[in-house]
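Read the structure below first, then the notes.
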Amino acid sequence: MHSELDALDQKLAQLVQLTQRLRAENLQLRQEVAAAVSQQRKSQDKVNEAAQRLEKLLSQLPEDAQ
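Quick note, our numbering runs 165 ahead of the 1-based positions in the sequence shown.
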């Protein structure tokens, strides 16, 4: 009976360690996703800004050049 309790105690300790490791990994992944989303928004803003500038330049071209 004592060995069964020891085995159960070890399994429980392993489960606790695994849970802690997965929580830490989950936090890291959430941070990476947040950073990626932020970078994607910045990139999209730059693309939108470039498109607006291009449209402005195109609108300034003479009609026969378009």
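Built from N, CA and C at the ideal position, the CB exists for glycine as well.
For clarity, every value in this text was computed on a predicted model and none was experimentally measured.
In chain order, what residues of the same chain have a beta carbon less than 7 Å from the beta carbon of residue i, not counting five sequence neighbours either side?
i	result
GLN205	none
LEU187	none
Within the present structure, is the beta-carbon of residue i separated from the nearest heavy atom of the ligand FAD by less than 7 Å?
i	result
HIS167	Of the ligands one can find in the structure shown there are none, so the ligand FAD has no counterpart to examine.
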